[in-house]
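Visitor:
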Amino acid sequence: MSKKVLMIVNPKAGKSRLKNKMSGGLFEAVCAFSEAGYLVDARMTQHRGHAAELAAMFAKEYDRVVCCGGDGTLNETVSGLMQCDGEKVPLGYLPAGSTNDFAASMHLPLELVAAARVAVGGVPTPIDVGRFNQRYFVYVASFGAFTQTSYAVPQNLKNALGHTAYMLEAVRQIPSIGHAVKMKVLADGEVLDGEYLFGSVSNSTSIGGVMKLSPQEVLMNDGKYELLLLRNPKTALDMQAVAAALLTKNYDQEGIVYRHVSHVEFWPEGDVPWTLDGEYAASTEHVVIDNLTKSIILMA
79 MSKKVLMIVN
89 PKAGKSRLKN
99 KMSGGLFEAV
109 CAFSEAGYLV
119 DARMTQHRGH
129 AAELAAMFAK
139 EYDRVVCCGG
149 DGTLNETVSG
159 LMQCDGEKVP
169 LGYLPAGSTN
179 DFAASMHLPL
189 ELVAAARVAV
199 GGVPTPIDVG
209 RFNQRYFVYV
219 ASFGAFTQTS
229 YAVPQNLKNA
239 LGHTAYMLEA
249 VRQIPSIGHA
259 VKMKVLADGE
269 VLDGEYLFGS
279 VSNSTSIGGV
289 MKLSPQEVLM
299 NDGKYELLLL
309 RNPKTALDMQ
319 AVAAALLTKN
329 YDQEGIVYRH
339 VSHVEFWPEG
349 DVPWTLDGEY
359 AASTEHVVID
369 NLTKSIILMA
C-alpha cells in the first residue's frame with residue numbers, strides 16, 4: 079500500500095523560484111516523492127495562515143507533510159502540526175524563500191529536487207519549537223534593530239531582488255538604530271533588566287540574513303534557545319566594539335548578553351513589535367517564551 083504525502087505549497091514564496099520552476103523543479107520534486115513510493119496530495123496556499131489550517135486539519139491523514147515556501151510558510155506549517163495530538167507526522171521542507179535561514183542552519187539543500195529527496199529519504203530529526211505566548215515559532219523571535227526588515231519588505235520586492243531586498247531595508251533602518259528599548263527580562267530565573275537595541279531568542283545560525291551565530295553554539299534539539307541582547311551603546315566606540323564582537327562571534331563583549339535558555343519573559347516599556355520567523359507579531363505588555371523540546375520531527 080502506497081504511503082501518502084501532503085504537500086503544502088506557497089506559490090508566492092521566494093525570488094520567483096516557484097513561478098519559474100513550477101513546471102520544472104517543483105514537478106520533478108513531486109516525481110521524487112512518487113519514485114519513493116508516495117502518493118502526493120498537493121495544496122496551494124490561498125491566504126495568510128492557510129498552511130497552518132491545512133496542516134492542522136489534514137496532517138493525521140498522511141504519512142508525511144512537506145511544505146514548500148519560505149520561512150513564513152514553514153512557521154505556519156509547524157504551527158498547524160503543533161495543534162495535532164498523538165504521534166508526530168514527519169515534516170519535510172523544500173526551502174523556496176528569499177533568505178531561508180532555517181534551511182541554512184539545518185544544512186538542507188536549496189535545490190527543490192534534492193530537498194524533496196531529503197524530505198522522503200532523510201533522517202527523522204527531532205527539533206525544538208518555540209512558544210511565544212499563544213503562538214509558535216521555529217527558529218527566532220526578535221525585537222529591535224533590523225527585526226522589521228523581513229516583514230517590512232514588500233513581497234514583490236522580495237520576489238524581484240531576493241536577499242538583496244532584505245539588505246536594502248536593513249540599510250534603510252540604520253537611522254533608527256539609536257532607539258533602544260527599556261525592558262525587564264527574566265531568563266531562566268536570571269534578571270537582565272536594561273536598555274537594548276536588539277534582542278532575539280533563536281535556534282538558528284542566521285537571523286534575517288543579517289545577524290549570525292556560531293554553528294558550534296546552536297543545537298536544534300537541546301531544549302535550549304540562544305538569547306542574544308545588544309545593550310544600548312553609550313558612545314560610537316561602544317557601538318563599534320559590539321559590531322566587531324558580533325562579526326567575530328565573541329559573545330563575551332561587555333555590550334552583549336548571551337545565554338542558553340529554555341524559558342524567557344519580557345516586560346517592555348512602550349510599544350515593541352516582534353517578529354516570529356520573519357512574520358510580524360504585535361507588541362504586548364508581557365511576552366513569555368518557552369522551548370518545547372523535540373516537538374517536531376524534521377526530515378534532515
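Counted the way this note's numbering counts, the sequence shown spans residues 79 to 378. Ideal Cβ positions, reconstructed from N, Cα and C, are used throughout, including at glycine.
Around the C-beta of T326, are 16 or more other C-beta atoms found within 10 angstroms, so that it is buried, or is it exposed?
Guide: Along the sequence shown, one-based indexing puts residue 326 at 248. With fewer than 16 Cβ atoms within 10 Å of its Cβ, T326 is classed as exposed.
Visitor: Under the assumption that I374 contacts V87 (Cβ atoms under 8 Å), give the Cβ distance between them as a whole number of angstroms.
Guide: Along the sequence shown, read from residue 1 onward, the residue named residue 374 stands at position 296. Along the sequence shown, read from residue 1 onward, the residue named residue 87 stands at position 9. Not quite, the Cβ-Cβ distance comes to about 19 Å (not below 8 Å), so this is no contact.
Visitor: Using the three-state DSSP reduction, which class does S254 fall into: helix, strand or coil?
Guide: Position 176 of the sequence shown, counted from the first residue, corresponds to residue 254. Note on S254: pLDDT 48, under 50, position unreliable in the model; the coordinate value appears next. Helix, per DSSP.
Visitor: Is the beta carbon of L186 less than 8 Å from the beta carbon of A107?
Guide: Walking along the sequence shown from the start, residue 186 turns up at place 108. Walking along the sequence shown from the start, residue 107 turns up at place 29. No.
Visitor: What span of residues does the beta strand (DSSP E) with V342 cover, start to end?
Guide: As a position in the sequence shown, residue 342 is number 264, starting the count at 1. Its beta strand (DSSP E) spans residues 341-346.
Visitor: What do you get for C109, buried or exposed, if any count of 16 or more other CB atoms within 10 angstroms of its CB means buried?
Guide: Translated into positions along the sequence shown, residue 109 becomes position 31. C109 is exposed by the Cβ-count criterion.
Visitor: In this structure, does DSSP put A133 in helix, strand or coil?
Guide: For the purposes of this step, residue 133 is identified with residue 55 of the sequence shown, where counting begins at 1. A133: helix per DSSP, three-state reduction.
Visitor: Is it buried or exposed for K90, if we count other Cβ within 10 angstroms and need 16 for buried?
Guide: Within the sequence shown, numbered from 1, the residue matching residue 90 stands at position 12. Buried: at least 16 other Cβ atoms inside 10 Å.
Visitor: Specify whether the segment 302-309 and the segment 275-284 touch according to this definition: at least 3 beta carbon pairs, one from each stretch, less than 8 Å apart.
Guide: Yes: at least three Cβ pairs fall under 8 Å.
Visitor: Enumerated in chain order, which unbroken segments of the beta strand (DSSP E) with a length of 3 residues or greater are wholly contained in the segment 118-175?
Guide: Complete beta strand (DSSP E) runs here, min 3: 142-147, 169-173.
Visitor: Does the separation of the CB atoms of L132 and R142 fall below 8 Å?
Guide: Locating residue 132 in the sequence shown gives position 54, counting from the first residue. Locating residue 142 in the sequence shown gives position 64, counting from the first residue. Against a cut-off of 8 Å, the Cβ pair of R142 and L132 comes out as no contact.
Visitor: Out of curiosity, what's the CA-to-CA distance linking A314 and L376?
Guide: Taking the sequence shown and counting its residues from 1, one reaches residue 314 at position 236. Taking the sequence shown and counting its residues from 1, one reaches residue 376 at position 298. Those two C-alpha atoms are separated by around 43 Å.
Visitor: Determine whether the beta carbon atoms of A137 and L172 lie at a separation below 8 Å.
Guide: Here residue 137 corresponds to residue number 59 of the sequence shown, with the count starting at 1. Here residue 172 corresponds to residue number 94 of the sequence shown, with the count starting at 1. Going by C-beta atoms, A137 is not nearer than 8 Å to L172.
Visitor: For V167 and E363, I'd like the C-alpha separation in whole angstroms.
Guide: The residue labelled residue 167 in the question sits at position 89 within the sequence shown. The residue labelled residue 363 in the question sits at position 285 within the sequence shown. Taking the straight line joining both Cα atoms gives about 35 Å.
Visitor: When you compare only the Cα positions, how much space is there between S112 and A265?
Guide: In the sequence shown, residue 112 corresponds to position 34, counting from 1. In the sequence shown, residue 265 corresponds to position 187, counting from 1. Each residue's Cα considered, the two are about 47 Å apart.
Visitor: Once DSSP output is grouped into helix, strand and coil, what is the label at V269?
Guide: Within the sequence shown, the letter at position 191 stands for residue 269. Strand, per DSSP.
Visitor: Work out the CA separation of K312 and V216 for me, nearest whole Å.
Guide: For this step, residue 216 is matched to residue 138 along the sequence shown. For this step, residue 312 is matched to residue 234 along the sequence shown. Rounded to whole angstroms, V216 to K312 spans 34 Å at the Cα level.
Visitor: Taking Cβ to Cβ, would you say D206 is nearer than 8 Å to L370?
Guide: Here residue 206 corresponds to residue number 128 of the sequence shown, with the count starting at 1. Here residue 370 corresponds to residue number 292 of the sequence shown, with the count starting at 1. Yes, Cβ-Cβ distance for D206 and L370 is below 8 Å.
Visitor: Given a cut-off of 8 Å on the beta-carbon distance, is the pair V335 and I285 in contact?
Guide: Residue numbering aside, residue 335 sits at position 257 when the sequence shown is read from its first letter. Residue numbering aside, residue 285 sits at position 207 when the sequence shown is read from its first letter. No; because the gap between Cβ atoms is not below 8 Å, this pair is not in contact.
Visitor: Tell me the rounded alpha-carbon separation between N310 and E332.
Guide: The sequence position of residue 310 within the sequence shown is 232, counting from 1. The sequence position of residue 332 within the sequence shown is 254, counting from 1. Going from the Cα of N310 to the Cα of E332 covers about 11 Å.
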